[in-house]
């Protein structure tokens, strides 16, 4: 019997993923990771609260599958949280969910799944996987585009894709609820919150104050021309495109255009100055395993919630690409990922410089 | 699946189920009722009490039925602590560092809310409390001493009889948690000389949800579950007749078949002890080699996440336990591991394998064949 480990969260999506696999005849094992929380806030990590753990356990019992919780606190702290802090130290706005998917879910958890002699690992992500004619695994956007989560999975390579199952990517969300009801599973989804799991529902700035106060050095607020117009409270406190909370008296509204971590300066400008037609991304993962040699057309997404935009993607070297959009894009943010699609097919992605 | 966690709980013996069955619906009366229904139920509880008393070599009035071993521990410790404080003003409670949480947490609450003073008795590296340690810690204002008969995590048997002599010489009450011990060791209170002893049925093929406390006649005790006059005014609440009947039948069978059971499990257990220590690098026994429960093997593996090892074992078809077992992926070495002086990298890697009358030689062989590879795997994943 083919064995599959399902990464369970207690929510409807991963529960239905487990149920569908069980119905398809797989030997299913449920697993959940215990992630890191700040000392004193254990039990409040959004991805593994005692509540969600209990829920996942009940779902596993209902489906009559084994369920195990694996301790990932140390590795999560060392990789994901460190990545988050390092990103802010570089003046970026890091997206730790990307590194979590690559290092924690699809490395640490996958290794544990394989140690249990699983053939596959499955998650409740809304994406699809398909074997191409050339034998390569293709990651495709979810049929329900409004739910598509492929953006966070651009980090998977062929070896991982060969081990991956995404049972719910072929269904619209409404049908997932109906399937949950058919199996008698809880139908509540986890709140679609953009909060990071280890922030325990708090603003990330509070977390930085407690854990990396040295990152919050006040400095100059400059215009593009270099005129000082005020003082900021620490670069990490601001995001690109931010208007409110700058504390500058100005006749026209000012927006955060960029950060210069070498001089600890926050660059601001008018609405007209926002946006750019170009970006460079590093640490590129080509999902096919092979880097294209020629520039190509793609739809590019610059953050999880952004609309994709038409662009030329030009490889610069093994590790970097230039993306030139047909029209200027607002809020291109260093540290977030740029992910390239062609229709439903995910081609690759990298971190915006 | 191979079940190797009999110290966690045991399946109910079919003979026990048969003894219990009539008292669910045929003879369902309340033992406190005046009518015939009540009389039948009361007779069943009385007869159960006599059976238990005969195994313990005490009189029936010295047996209090409770809902579990933990409740027995609570009644003994809270009850005696309050009563002794009232009687003599004594406020010190002595207990070993390796006690079960049912004892430890009860004591911590008495300390926090009731102003009792605790002294934790050190154990040696095999988890044993010596009579000398008890003797040197005891004083005039000691209210009660609590030392477990046998340890749940590492199987250590304490010299309860010798400790009881020390307490008796000082006129101090001794409670022993015999929940783990009762499945294999004699629980004759005349020989042991304890004043109170806690038991729980589900460790010896009885049902969960029923326990008993032996209380030596004349021991001052304050009830902590107040209400009706059941159980000699020491434990209110309508008696759980079928479970009490089950408790007595399970204990009777355990007493009767003790030698057979020991003869069955001990050689199998010895094979586990020998093989694991021989075949697995960086492995050590926790608890003593000899003075331990005959069905109990426990180890520590350096650099292993004990929880992960349990997961790997379960997925491979073996149900075991660990001193750091937790279902939330938040492992910490247990207090027992700390008490016997294991460092964190050993203490987190504990494994408990406990056998029962259903365990076969084939089960043990399969387990021993699988374990070294799984320990290796767990080490690599760390």
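Residue numbers (our numbering), protein chains in the order written: chain A, 371 to 723; chain B, -19 to 362. Positions of the beta carbon are idealized from the N, C-alpha and C atoms, including for glycine. Here the structure is a predicted model, which is why all the values come from computation and not from measurement.
{"Query": "Closest residue to residue 104 of chain B among B:332, B:319, B:350, B:242 (Cα-Cα distance)", "Result": "B:319"}
{"Query": "Range covered by the beta strand (DSSP E) that runs through residue 692 of chain A", "Result": "690 to 699"}
{"Query": "Residues that residue 679 of chain A contacts on chain B, provided the C-beta gap is smaller than 8 Å", "Result": "Ordered by position in chain B, no residue passes the 8 Å Cβ test against residue 679 of chain A, which lies about 41 Å from the chain."}
{"Query": "Closer than 7 Å at the beta carbon, the chain A residues around residue 311 of chain B", "Result": "441"}
{"Query": "Cβ-based neighbour list, residue 352 of chain B, same chain, cut-off 7 Å, excluding 5 preceding and 5 following", "Result": "259, 260"}
{"Query": "Bridge partners - residue 263 of chain B, DSSP secondary structure assignment", "Result": "B:281"}
{"Query": "CB contact check: residue 674 of chain A to chain B, cutoff 8 Å", "Result": "no"}
{"Query": "Contact the region 425 to 435 of chain A vs the region 588 to 599 of chain A: 3+ CB pairs below 8 Å", "Result": "no"}
{"Query": "Burial state of residue 657 of chain A (16 or more Cβ within 10 Å)", "Result": "buried"}
{"Query": "Touch test, the region -9 to 7 of chain B against the region 221 to 230 of chain B, Cβ-Cβ under 8 Å, three pairs minimum", "Result": "yes"}
{"Query": "Partners in chain B for residue 436 of chain A, counting only beta-carbon separations shorter than 8 Å", "Result": "294, 295"}
{"Query": "With 16 other Cβ atoms within 10 Å as the buried cut-off, status of residue 211 of chain B", "Result": "buried"}
{"Query": "Per-residue DSSP class, three states only, for residue 396 of chain A", "Result": "coil"}
{"Query": "Residue 275 of chain B classed as buried or exposed, judged by whether at least 16 other C-beta atoms fall within 10 angstroms", "Result": "buried"}
{"Query": "Interfacial residues, the region 450 to 482 of chain A to chain B, with Cβ spacing under 8 Å", "Result": "481, 482"}
{"Query": "Within chain A, the residues that residue 288 of chain B reaches when beta carbons sit closer than 7 Å", "Result": "440"}
{"Query": "Beta-carbon neighbours of residue 404 of chain A, restricted to chain B and to distances below 7 Å", "Result": "308, 309, 310"}
{"Query": "Of the listed residues B:109, B:132, B:116, nearest to residue 126 of chain B (C-alpha basis)", "Result": "B:109"}
{"Query": "Beta bridge counterpart(s) of residue 685 of chain A as assigned by DSSP", "Result": "A:691"}
{"Query": "Residue burial classification, residue 664 of chain A (beta-carbon count within 10 angstroms, cutoff 16)", "Result": "exposed"}
{"Query": "8 Å Cβ cutoff met for residue 591 of chain A and residue 604 of chain A", "Result": "no"}
{"Query": "C-beta atoms of residue 158 of chain B and residue 129 of chain B nearer than 8 Å", "Result": "yes"}
{"Query": "Cβ distance (whole Å) where residue 712 of chain A is taken to contact residue 676 of chain A below 8 Å", "Result": "Wrong, their Cβ atoms sit about 17 Å apart, outside the cutoff."}
{"Query": "Sequence-distant residues of the same chain with beta carbon closer than 8 Å to residue 191 of chain B, five excluded per side", "Result": "45, 46, 47, 48, 49, 50, 51, 52, 159, 178, 179, 180, 181, 227"}
{"Query": "Simplified DSSP state of residue 191 of chain B, which is helix, strand or coil", "Result": "strand"}
{"Query": "Three-pair Cβ contact test at 8 Å for the region 328 to 339 of chain B versus the region 280 to 294 of chain B", "Result": "yes"}
{"Query": "Where residue 423 of chain A meets chain B, residues with beta-carbon distance less than 9 Å", "Result": "307, 308, 309"}
{"Query": "Beta carbon of residue 172 of chain B nearer than 8 Å to that of residue 144 of chain B", "Result": "yes"}
{"Query": "Closer than 8 Å to chain A by CB, residue 361 of chain B", "Result": "yes"}
{"Query": "Alpha helix (DSSP H) runs wholly inside the region 111 to 149 of chain B, at least 4 long, in chain order", "Result": "111 to 117"}
{"Query": "Residues bridged to residue 650 of chain A (per DSSP)", "Result": "A:692"}
{"Query": "Residue 146 of chain B versus residue 86 of chain B - alpha carbon distance", "Result": "24 Å"}
{"Query": "Contact set between the region 484 to 495 of chain A and chain B, restricted to residues whose Cβ is under 8 Å from the partner", "Result": "485, 486, 487"}
{"Query": "Which residues DSSP lists as bridging residue 671 of chain A, in chain order", "Result": "A:709"}
{"Query": "Residues that residue 500 of chain A bridges to, as DSSP identifies them", "Result": "A:508"}
{"Query": "Span of the beta strand (DSSP E) around residue 554 of chain A", "Result": "That residue, residue 554 of chain A, is in no beta strand (DSSP E); it is neither H nor E in DSSP."}
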